[in-house]
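Top to bottom, those sequences are chains A and B. Numbering follows the numbering used here, with no gaps: position 13 of the first sequence is 959. Numbering follows the numbering used here, with no gaps: position 12 of the second sequence is 1309. By construction, the Cβ of each residue, glycine as well, lies at the ideal position given by its N, Cα and C atoms. The structure under discussion appears below in the form of structure tokens.
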Amino acid sequence: SQKIEQNSEALNIQEGKTATLTCNYTNYSPAYLQWYRQDPGRGPVFLLLIRENEKEKRKERLKVTFDTTLKQSLFHITASQPADSATYLCALERRGGADGLTFGKGTHLIIQP
Amino acid sequence: NAGVTQTPKFQVLKTGQSMTLQCAQDMNHNSMYWYRQDPGMGLRLIYYSASEGTTDKGEVPNGYNVSRLNKREFSLRLESAAPSQTSVYFCASTERGEWETQYFGPGTRLLVL
């Protein structure tokens, strides 16, 4: 079955530095990959989508890469701020074209002032 | 626009009791989803509705039923609640197309004693 792995441990980064989060997947070749942000007590919020034929996507201080050979996506936040502290979820389309998304467990990012 | 709304926000049930979680969206989306989120497990798809009048099982449908009442509303019913159904439940919607960016509600926190 398709499997998504994200760092389960919290990632502590000093304010102003670049935070890099990793999403690895197996047993599937998705047409696209998405990243969501989730704050405590709230629902996930969509951030970026990258397609299989795109190597990199940017939005303001966010950058996502997608390496279909390595089956890996990297999510970067440059010039990180304490307000960027949250859990970040990686999501793939469900295998076989079924509706909905398969989510990773998320990485908790802490930006320390 | 309110986006995706869910009621109730929090509920405590005893084992064997039943309840219905309500979800509504005002974005005129065709597809709606129910996920549950548990610590260490990530978001898992329970049921989805690709369009009004259709529903399908996701990864963890056992113990649940759904109703797509109309295009706006998608309810999740627990007929006989069990402690294993203690979780946070999220409803989401999307305009079904090639790239499924999902919009999530604020969640319902359910505790089954």
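Exercise for the section: May I ask you to list the residues that DSSP assigns as paired with threonine 964 of chain A? Expected result: Partner(s): none; threonine 964 of chain A has no beta bridge.
Exercise for the section: Report yes if the CB atom of threonine 1304 of chain B is closer than 9 Å to the CB atom of proline 1380 of chain B, and no otherwise. Expected result: Against a cut-off of 9 Å, the Cβ pair of proline 1380 of chain B and threonine 1304 of chain B comes out as no contact.
Problem - Per-residue contacts from methionine 1338 of chain B into chain A (C-beta, under 8 Å) - result: Chain A residues near methionine 1338 of chain B: Lys1051.
Practice task
For the beta strand (DSSP E) containing arginine 1341 of chain B, list its first residue and its last residue.
Solution key: Run containing arginine 1341 of chain B: 1339-1346, per the beta strand (DSSP E) assignment.
Practice task
Mind checking which residues open and close the beta strand (DSSP E) that includes alanine 977 of chain A?
Solution key: First-last for alanine 977 of chain A: undefined, no H or E at that position.
Problem - 8 Å CB neighbourhood of glutamine 984 of chain A in its chain, flanking five on each side removed - result: Around glutamine 984 of chain A, the same chain offers Pro990, Val991, Ala1032, Thr1033, Tyr1034, Leu1035, Gly1052 as residues with beta carbons nearer than 8 Å, after the five sequence neighbours per side are excluded.
Exercise for the section: To the nearest angstrom, report how far apart alanine 956 of chain A and glutamine 1322 of chain B are at their CA atoms. Expected result: When rounded, the distance between both Cα atoms is 33 Å.
Handout entry: Cβ distance (whole Å) where methionine 1310 of chain B is taken to contact leucine 1407 of chain B below 8 Å
Key = Just to set this straight, residue 1310 of chain B is leucine in the shown sequence, not methionine. Leucine 1407 of chain B and leucine 1310 of chain B do touch by the CB rule: their CB atoms are close to 7 Å apart, below 8 Å.
Practice task
For the segment 981-1012 of chain A, enumerate the residues whose C-beta is nearer than 9 Å to any C-beta of chain B, in chain order.
Solution key: Taking 9 Å as the upper bound on Cβ-Cβ separation, chain B lies near residues Tyr982, Gln984, Gly987, Arg988, Gly989, Pro990, Val991, Phe992, Leu995, Arg997 of the segment 981-1012 of chain A.
Practice task
Give the DSSP-derived three-state secondary structure of aspartate 1030 of chain A in the structure shown.
Solution key: It is helical.
Practice task
Using a Cβ-Cβ cut-off of 9 Å, state whether leucine 1047 of chain A counts as contacting chain B.
Solution key: At least one chain B Cβ lies under 9 Å of leucine 1047 of chain A.
Exercise for the section: Compare the C-beta of phenylalanine 1387 of chain B against all C-beta atoms of chain A and say whether one is closer than 9 Å. Expected result: Yes, its Cβ sits closer than 9 Å to a Cβ of chain A.
Exercise for the section: Determine the closest residue to tyrosine 1361 of chain B out of B:Ser1372, B:Lys1368, B:Asn1367, B:Phe1401, with distance taken between C-alpha atoms. Expected result: Here the closest residue by C-alpha is B:Ser1372.
Handout entry: Where the segment 955-970 of chain A meets chain B: residues whose CB sits under 9 Å from a CB there
Key = Of all residues in the segment 955-970 of chain A, none has a Cβ within less than 9 Å of some Cβ in chain B.
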